[in-house]
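This report refers to the structure that appears directly beneath it.
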Amino acid sequence: MKFSFPHMGTSHVAFKYLLENLGYEVINPPTPSKKTITLGARYSPEFACMPFKVLLGTYMEVLDKGAEAIVTSGGIGPCRAGFYGVLHEKILKDMGYDFKMIILDPPLYDIKEFFNTVSLLRPKKIGWRGFINVVKDSWAKLCALDEMEKEANLVRAYEVNKGDTTKKVNEIIEVIDAASTRKEIMGLQEKSISMLHEVPQNKLRKPLKIGLIGEIYVVIEPFMNYDIERLLGEMGVIVHRSIYVTEYTRHTIWDRKAEDYIKEAAKPYLELMIGGHGVNSVGETILYAQDGYDGVIQLAPFTCIPEIVSKSILVKVSEDYGIPVLTLHIDEQTGEAGIRTRIEAFLDLLHQKRSLSGKEGMAK
Amino acid sequence: MKAYLGVDVGSVSTNLVLMEENGESIAGDVYIRTLGRPIEAIQEGMKKLSQQVEGQDIEVRGVGTTGSARNLSGVIVGADVVKNEITAHATAAINVEPTVQTIMEIGGQDSKIILLRNGIVTDFAMNTVCAAGTGSFLDQQAARLNIPIEEFGEYALLSKYPVRIAGRCSVFAESDMVHKQQMGHKTEDLIAGLSQALVRNYLNNVGKGKEILPPVFFQGGVAANEGIKKAFEEELGFEVIVPRYFHIMGALGAAILAKNEVEKNGIKTKFKGFGVSRINYTVSSFECKGCPNLCEVININVDDSLICRWGGRCGKWEYNE
Numbered sequence: 051m052k053f054s055f056p057h058m059g060t061s062h063v064a065f066k067y068l069l070e071n072l073g074y075e076v077i078n079p080p081t082p083s084k085k086t087i088t089l090g091a092r093y094s095p096e097f098a099c100m101p102f103k104v105l106l107g108t109y110m111e112v113l114d115k116g117a118e119a120i121v122t123s124g125g126i127g128p129c130r131a132g133f134y135g136v137l138h139e140k141i142l143k144d145m146g147y148d149f150k151m152i153i154l155d156p157p158l159y160d161i162k163e164f165f166n167t168v169s170l171l172r173p174k175k176i177g178w179r180g181f182i183n184v185v186k187d188s189w190a191k192l193c194a195l196d197e198m199e200k201e202a203n204l205v206r207a208y209e210v211n212k213g214d215t216t217k218k219v220n221e222i223i224e225v226i227d228a229a230s231t232r233k234e235i236m237g238l239q240e241k242s243i244s245m246l247h248e249v250p251q252n253k254l255r256k257p258l259k260i261g262l263i264g265e266i267y268v269v270i271e272p273f274m275n276y277d278i279e280r281l282l283g284e285m286g287v288i289v290h291r292s293i294y295v296t297e298y299t300r301h302t303i304w305d306r307k308a309e310d311y312i313k314e315a316a317k318p319y320l321e322l323m324i325g326g327h328g329v330n331s332v333g334e335t336i337l338y339a340q341d342g343y344d345g346v347i348q349l350a351p352f353t354c355i356p357e358i359v360s361k362s363i364l365v366k367v368s369e370d371y372g373i374p375v376l377t378l379h380i381d382e383q384t385g386e387a388g389i390r391t392r393i394e395a396f397l398d399l400l401h402q403k404r405s406l407s408g409k410e411g412m413a414k
Numbered sequence: 095m096k097a098y099l100g101v102d103v104g105s106v107s108t109n110l111v112l113m114e115e116n117g118e119s120i121a122g123d124v125y126i127r128t129l130g131r132p133i134e135a136i137q138e139g140m141k142k143l144s145q146q147v148e149g150q151d152i153e154v155r156g157v158g159t160t161g162s163a164r165n166l167s168g169v170i171v172g173a174d175v176v177k178n179e180i181t182a183h184a185t186a187a188i189n190v191e192p193t194v195q196t197i198m199e200i201g202g203q204d205s206k207i208i209l210l211r212n213g214i215v216t217d218f219a220m221n222t223v224c225a226a227g228t229g230s231f232l233d234q235q236a237a238r239l240n241i242p243i244e245e246f247g248e249y250a251l252l253s254k255y256p257v258r259i260a261g262r263c264s265v266f267a268e269s270d271m272v273h274k275q276q277m278g279h280k281t282e283d284l285i286a287g288l289s290q291a292l293v294r295n296y297l298n299n300v301g302k303g304k305e306i307l308p309p310v311f312f313q314g315g316v317a318a319n320e321g322i323k324k325a326f327e328e329e330l331g332f333e334v335i336v337p338r339y340f341h342i343m344g345a346l347g348a349a350i351l352a353k354n355e356v357e358k359n360g361i362k363t364k365f366k367g368f369g370v371s372r373i374n375y376t377v378s379s380f381e382c383k384g385c386p387n388l389c390e391v392i393n394i395n396v397d398d399s400l401i402c403r404w405g406g407r408c409g410k411w412e413y414n415e
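Right, dumping it as structure tokens:
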């Protein structure tokens, strides 16, 4: 059976490894493009959020390339994304596509169901031990990718030649993709970090530090956010992304308490679970302020209720903690020029604020 | 005389200003319509500006560009600094009145609010999903009612009983206006009602959750409209100041930023001279087929040689001589 799955940042490298080593043929999801969103928007409800549309477009692209099964994640609400898998399946089948949809709901919600779904993925000829080994190796690749991206955001703000870091990142992704033995895979993290350090840096700079918060898909997938990490990095800003695929997986699959410190921080403002990453956006903004960040950028898909709720609360948080917050609503109609203008103005604001408070160079 | 040039090319108007070195006097200023042809507008503006200062010995020490065509105009005139509209507007306002705390700017296609405290920008917002309440919409309504846009504001002031118009969306605002018009309301009451609707829309969308404190500056092309100014004052409950150069504040800000840049770094200006109005610029574009993004890449040529190229998402086509 030919498998495919959503495209989310660089994670496809690890997912491809997982499925291929379980003996499946993989149709790699293409990097989302204008074509993806055009296809997706045509068959989506108008007021669905952009992640819904891009995922639908991606599924159409991979099904056209011959995929027979799609693996995706579910959710337990209240964010409607938990139902996206089911709705995508219905829409695609109505359109005449014939395929199998495998939706992984978080195991902490229904552990039996989770194992039943995972068992579906394990071919009979591979024993549980072999299965676990493949999962472990894929996880190691995923961790290497995430750690590499975190480091790249630190390096990029200091790079001497604009674009060097991104070029190096692309080289590293190929190395991670090519690694096939356990020894190679376990050494990936170290190797990719040392490769990144080959990029010439000017450490005399005092870059601004910005935390990136918001809905997981628009934060992680560069196509959704106009490659904001690279854009900011090349404008000389250190970007810290609030969420990575490994952290999300850890939290939803085996460590329910992993994000408790964020919820604790948000508590004075928002105690309720409002779905998606709404509570996280509030908590993370407070944590960034406490860590000496200069500002926070919130990425929200247009019509995303959790982020709309947190946006209203962030006005107060921003005032109380003195940390500027810029919210960018993103949908297929968003113009890149508007995003750039707002980001440029936001950076000017942060620079002015820093020079006034005499904090230059103090940010961690 | 030493001077700094500021160029603000927006969706509707193209503004140029020559600011004298003292940062206060204006040697010349031009406000013309962009008419969808930014390059021609810049050239036309440069020609007019050079005519205004003809005979004077002007030495341009620095150039700043802003507005939605800031990168393009930067290439054409040779800019030392290319800045976003928010920073430009704020810089100009602070220069006029250092204690300004709020700037409301309504231009042709976008509107923004900028909050300042102690002379620095602390927060800002731009209209996100709707262009209702911007200059283009007013233009359109003025044309529909067959009233010159310059007189639109005066009409509003004549009204005693403004009509309530639904201002959430420009399309619905227009249908509501047509409806009220057909019911027999007077033109001035319609216009005053429209002004109030636009102000409500601005304050509820752009100004949402923002603390609007005086002194408030109202700038951008729409600030010429007395009716809107009055509606703002009624809604806010205090005076709204329309600065003398309200219509060219963006360009003025760009000139000031150019001055700061040139003075701070001691650089020589990249200004290409007023002669750019005679250069033959040609623009061509093509669709890159390198990936499914199908980016539209723009080439800007002088005669046959390429001077600048942009538009690709991945950056492989970027070029600047």
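First to last, the sequence lines map onto chains L and B. First residue of the first sequence: 51, per our numbering; consecutive thereafter. First residue of the second sequence: 95, per our numbering; consecutive thereafter. Just so you know, even glycine gets a beta-carbon here, dropped at the ideal spot from N, CA and C.
Under 9 Å between C-beta atoms of residue i and residue j
{"i": "B:S289", "j": "B:I243", "result": "no"}
{"i": "L:P454", "j": "L:E111", "result": "This structure leaves residue 454 of chain L out entirely; chain L is present only between 51 and 414."}
{"i": "L:I347", "j": "L:Y371", "result": "no"}
{"i": "L:A202", "j": "L:I226", "result": "no"}
{"i": "B:A325", "j": "B:A267", "result": "no"}
{"i": "B:L292", "j": "B:G315", "result": "no"}
{"i": "B:N109", "j": "B:I133", "result": "no"}
{"i": "B:E179", "j": "B:G201", "result": "yes"}
{"i": "L:I324", "j": "L:P351", "result": "no"}
{"i": "B:I207", "j": "B:V356", "result": "no"}
{"i": "L:C116", "j": "L:K52", "result": "The sequence given here places Gly at residue 116 of chain L; Cys does not occur at that position. A contact, by the Cβ cut-off of 9 Å."}
{"i": "B:L209", "j": "B:I306", "result": "yes"}
{"i": "B:I335", "j": "B:V169", "result": "no"}
{"i": "B:V265", "j": "B:L284", "result": "no"}
{"i": "B:V101", "j": "B:I136", "result": "yes"}
{"i": "L:A395", "j": "L:G286", "result": "no"}
{"i": "L:E271", "j": "L:H138", "result": "no"}
Nearest to residue i (by Cα), restricted to the options the options
{"i": "L:R404", "options": "L:V359, L:K186, L:I260, L:A308", "result": "L:I260"}
{"i": "B:R372", "options": "B:T185, B:T108, B:E138, B:I259", "result": "B:E138"}
{"i": "L:D344", "options": "L:Q402, L:G237, L:K253, L:G328", "result": "L:Q402"}
{"i": "L:R92", "options": "L:T108, L:T81, L:G116", "result": "L:T108"}
{"i": "B:T228", "options": "B:A317, B:I241, B:R211", "result": "B:A317"}
{"i": "B:Y98", "options": "B:V336, B:A348, B:V194", "result": "B:A348"}
{"i": "L:T88", "options": "L:V104, L:P95, L:V76", "result": "L:V104"}
{"i": "L:T296", "options": "L:E309, L:K175, L:M285", "result": "L:E309"}
{"i": "B:L297", "options": "B:G369, B:T196, B:G405", "result": "B:T196"}
{"i": "L:V268", "options": "L:G127, L:H247, L:G90, L:I293", "result": "L:I293"}
{"i": "L:V185", "options": "L:K66, L:N330, L:L378, L:D381", "result": "L:K66"}
{"i": "L:H247", "options": "L:L258, L:L262, L:I222", "result": "L:I222"}
{"i": "L:L72", "options": "L:R179, L:I363, L:A98", "result": "L:R179"}
{"i": "L:E382", "options": "L:E118, L:P250, L:Y276", "result": "L:Y276"}
{"i": "L:V249", "options": "L:K233, L:G264, L:E209", "result": "L:E209"}
{"i": "L:A316", "options": "L:I303, L:S331, L:W304", "result": "L:S331"}
{"i": "L:R255", "options": "L:E284, L:T86, L:M274", "result": "L:E284"}
{"i": "L:V121", "options": "L:E197, L:C129, L:R130, L:S169", "result": "L:S169"}
Residue range of the alpha helix (DSSP H) that includes residue i
{"i": "B:N189", "result": "179 to 190"}
{"i": "B:D233", "result": "229 to 238"}
{"i": "L:N426", "result": "This structure cannot settle anything about residue 426 of chain L, because the visible part of chain L is limited to 51 through 414."}
{"i": "B:I259", "result": "From DSSP, B:I259 is part of no alpha helix (DSSP H); its letter is neither H nor E."}
{"i": "B:F246", "result": "243 to 252"}
{"i": "L:H62", "result": "62 to 71"}
{"i": "L:Y311", "result": "310 to 316"}
Residue interval of the beta strand (DSSP E) (run including residue i)
{"i": "B:C402", "result": "399 to 404"}
{"i": "B:S379", "result": "375 to 381"}
{"i": "B:V391", "result": "390 to 396"}
{"i": "L:F53", "result": "52 to 54"}
Bridge-paired residues (DSSP) for residue i
{"i": "B:I126", "result": "B:T108"}
{"i": "B:R211", "result": "B:I214"}
{"i": "B:F311", "result": "B:I197, B:I335"}
{"i": "B:E153", "result": "B:K96"}
{"i": "L:I380", "result": "L:P351"}
{"i": "L:K103", "result": "L:K103 pairs with nothing; no bridge assigned."}
{"i": "B:D102", "result": "B:N109, B:T160"}
Whole runs of the alpha helix (DSSP H) within the region 225 to 300 of chain L, excluding any shorter than 4 residues: 232 to 236, 238 to 246, 266 to 270, 278 to 284
Whole alpha helix (DSSP H) elements within the region 118 to 161 of chain L, 4-residue minimum: 134 to 144
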